[in-house]
Amino acid sequence: MSILYLCVFIAVIHLIATLSYGVRIAGARTGKVAFCLSLFNILVLVSRTANTLLTPALSKRVESGIESTATEGLMHEFHLLILSASVATLVGAALIPMFQRYVTTVVAAFDRFPSLLRMTRYALSGPGLRALKTSWTVPSTANFSFLRAGHRLPWNIFVMNVIGSALLATGVLSSLYAGVYAPDLRMTTGQLSAVVNFIGTIMLFAFVDPYLSYVTDGAAKGDGEDGDSRLRAAVFGMAGSRLLGTVMAHFLMIPGAQLIAWIARIIPA
């Protein structure tokens with residue numbers, strides 16, 4: 007499979023993951039927090055597990071690279087994939103205001119179409135696409151209030167989102183590239199990607215997502231402009247930390263591959 011197709015695929019995955027933060031804002035503004043949380047979880051589940059769909063194609067590239075000793079080109083390709091994730095995350099962050107407006111319109115239509123499939127069909131229909139067009143907006147400077155002391159994202163949450171995003175961005179890639187350092191244990195190193203992704207997913211689900219849910223509830227309860235500003239600050243803080251996580255993945259990929267190769271060697275037979 008062409009590396010271009012793989013870059014597009016991984017870019018779509020990270021674009022969906024970043025846009026999903028906007029669903030929280032839509033939930034607070036429509037009052038349908040639980041329903042929007044379900045939509046959020048669907049998008050997150052797709053984005054956090056779709057990386058595994060890349061494994062067969064990437065495994066084949068690793069096999070071919072090891073057989074032809076062209077591992078240097080393989081490393082550049084993997085960095086290109088991570089770069090695609092970073093670019094998609096940046097684009098997704100810029101599109102969050104538009105996406106949350108669109109989701110707000112679509113969620114409001116759920117009262118008329120009390121079915122997720124019918125709501126999805128409406129979202130992709132003519133009226134739904136026209137709503138997407140009218141939802142276009144440029145991010146305002148107020149969205150960057152997470153940089154101010156009053157609305158600053160807690161550093162422990164920020165750091166955990168960076169680390170968790172980095173692990174998910176590089177987990178599959180490092181595990182597969184570890185086969186270069188341990189060619190006789192390629193199957194073992196490849197399977198260890200599930201462990202890396204598990205750790206990253208637990209960090210995000212157990213520590214980061216609950217905080218974002220707490221801020222969303224505060225905004226939905228009617229805390230006024232301050233609650234809405236705090237939620238937007240949290241959402242864009244999450245998007246920013248996610249972007250830093252994909253950048254960090256560049257620096258973690260090779261050391262992570264070497265560590266995974268070492269772990270594969272010490273696992274008892």
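The number in this note's numbering is simply the position in the sequence shown, starting from 1, with 6 added. From the three backbone atoms N, C-alpha and C, an ideal C-beta is built for every residue, glycine too. In this text the structure is predicted, and so the values were computed from the model without any measurement.
Whole-number beta carbon distance between residue j and residue i, since they are thought to touch under 8 Å
| i | j | result |
| --- | --- | --- |
| Val-241 | Gly-33 | So it is not a contact: roughly 11 Å between Cβ atoms. |
| Pro-263 | Ser-199 | The sequence as given places Ala at residue 263; Pro does not occur at that position. That belief does not hold up - the Cβ atoms of Ala-263 and Ser-199 are roughly 11 Å apart, past 8 Å. |
| Met-254 | Ala-184 | So it is not a contact: roughly 18 Å between Cβ atoms. |
| Leu-210 | Thr-222 | About 15 Å; that fails the 8 Å criterion. |
| Ala-91 | Ala-175 | 5 Å |
| Val-178 | Gly-251 | Between Gly-251 and Val-178 the Cβ distance is about 15 Å, and since that is not below 8 Å, they are no contact. |
| Gly-134 | Ala-245 | In fact, because the Cβ distance is near 24 Å, the residues do not count as touching under 8 Å. |
| Leu-123 | Ala-239 | With a Cβ gap of about 34 Å, Leu-123 and Ala-239 do not count as contacting. |
| Ser-26 | Ser-65 | Incorrect: roughly 28 Å between the Cβ atoms, too far for contact. |
| Ile-72 | Pro-189 | 5 Å |
Continuous alpha helix (DSSP H) stretch holding residue i: start and end
| i | result |
| --- | --- |
| Gly-206 | 199 to 209 |
| Gly-33 | 27 to 36 |
| Ala-175 | 161 to 187 |
| Pro-216 | 215 to 226 |
Buried versus exposed call for residue i [16 or more other C-beta atoms within 10 Å across all chains shown]
| i | result |
| --- | --- |
| Thr-24 | buried |
| Gln-197 | exposed |
| His-20 | buried |
| Ser-277 | Any property of residue 277 remains undetermined from this structure, which presents the chain solely from 7 to 275. |
| Ala-267 | buried |
| Leu-59 | exposed |
| Phe-84 | buried |
| Ala-40 | exposed |
| Ala-137 | buried |
| Phe-204 | exposed |
| Ala-129 | buried |
| Leu-182 | buried |
| Val-109 | buried |
| Lys-277 | Here the chain covers residues 7 to 275 and nothing more, so residue 277 does not appear. |
| Ser-8 | exposed |
| Gly-132 | exposed |
| Val-14 | exposed |
| Val-201 | exposed |
| Ala-94 | buried |
Distance CB(residue i)-CB(residue j) smaller than 9 Å
| i | j | result |
| --- | --- | --- |
| Glu-69 | Arg-248 | no |
| Ala-63 | Leu-12 | yes |
| Val-214 | Ile-260 | no |
| Ala-225 | Arg-107 | no |
| Arg-30 | Leu-218 | yes |
| Met-125 | Val-112 | yes |
| Thr-195 | Ala-270 | yes |
| Leu-89 | His-256 | yes |
| Ile-16 | Leu-87 | yes |
| Gly-170 | Thr-143 | no |
| Leu-80 | Val-165 | no |
Quick check on the DSSP output: what are the complete alpha helix (DSSP H) runs of length 4 or more inside the stretch 77 to 148, in order along the chain?
77 to 114, 122 to 129 and 132 to 140, all fully within the stretch 77 to 148.
Return the chain-ordered ranges of every alpha helix (DSSP H) run that is complete within the stretch 229 to 253 and spans a minimum of 4 residues.
none
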